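*Asks:*
Numbering (the working numbering), first residue to last: 637 to 775.
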């Protein structure tokens, strides 16, 4: 949980840096996310409050599948067209299916306004983790 970030590049940095620190990817993955964002725009802003920050990776920069999550107190704008984002979910995946359990949890949480509100009102990392775990098997 953070108070704020100065811009979308710092938002990318804080979400990907958690993945780097846990050994899921190299710092080059952050460069890949920034490059693809500059080329295509913030395609990963999936809801009014959430961005699923990711890029295509390869064996040289992605080592294991992992999600990171940062909840901001103050939203950050990713573009003039997109809503301000408070939830930064970083994703790196070793293949096209390894991250599906995480995707189920994300869609279960952010596809339901009540669950999304619980997430936005979380006051600790444990609360956020528990929300993910409780929705990981939702089908």
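Backbone N, C-alpha and C fix where the C-beta goes; we use that ideal spot for every residue, glycine too. Just so we're clear, the structure is a prediction, and the values are computed from it rather than from any experiment.
#1: Quick check: residue 656 and residue 662, are their CB atoms within less than 9 Å of each other?
#2: What residue range does the beta strand (DSSP E) around residue 687 cover?
#3: Can you tell me whether residue 582 is buried or exposed? The criterion is at least 16 other CB atoms within 10 Å of its CB, across all chains shown.
#4: Who are the Cβ neighbours of residue 738 in its own chain at under 6 Å, not counting the five residues just before and after it?
#5: Between which two residues does the beta strand (DSSP E) containing residue 678 stretch?
#6: Would you call the CB atoms of residue 712 and residue 641 closer than 9 Å?
#7: When the distance is taken between beta carbons, is residue 693 closer than 9 Å to residue 730?
#8: Is the separation between the beta-carbon of residue 688 and that of residue 727 shorter than 9 Å?
#9: Which stretch, first to last residue, makes up the alpha helix (DSSP H) that contains residue 730?
#10: Secondary structure at residue 742, three-state DSSP: helix, strand or coil?
#11: Between residue 720 and the rest of its own chain, which residues show a CB-CB distance below 6 Å, the 5 nearest in sequence each way excluded?
#12: Output the distance between the C-alpha atoms of residue 701 and residue 772, rounded to the nearest integer angstrom.
#13: Nearest by alpha-carbon distance to residue 697: which of 666, 740, 650 and 749 is it?
#14: Any idea which residues DSSP pairs residue 704 with across the strands?
*Replies:* So, to answer that:
#1: yes
#2: Residues 686-689.
#3: No answer is possible for residue 582: it lies beyond the span of the chain, which begins at 637 and ends at 775.
#4: 703
#5: Note, residue 678: premise wrong, no beta strand (DSSP E); not H, not E.
#6: yes
#7: yes
#8: yes
#9: Residue 730 -> no alpha helix (DSSP H), and no H or E assigned at all.
#10: helix
#11: 711 and 713
#12: 15 Å
#13: 666
#14: Residue 704 pairs with 726.
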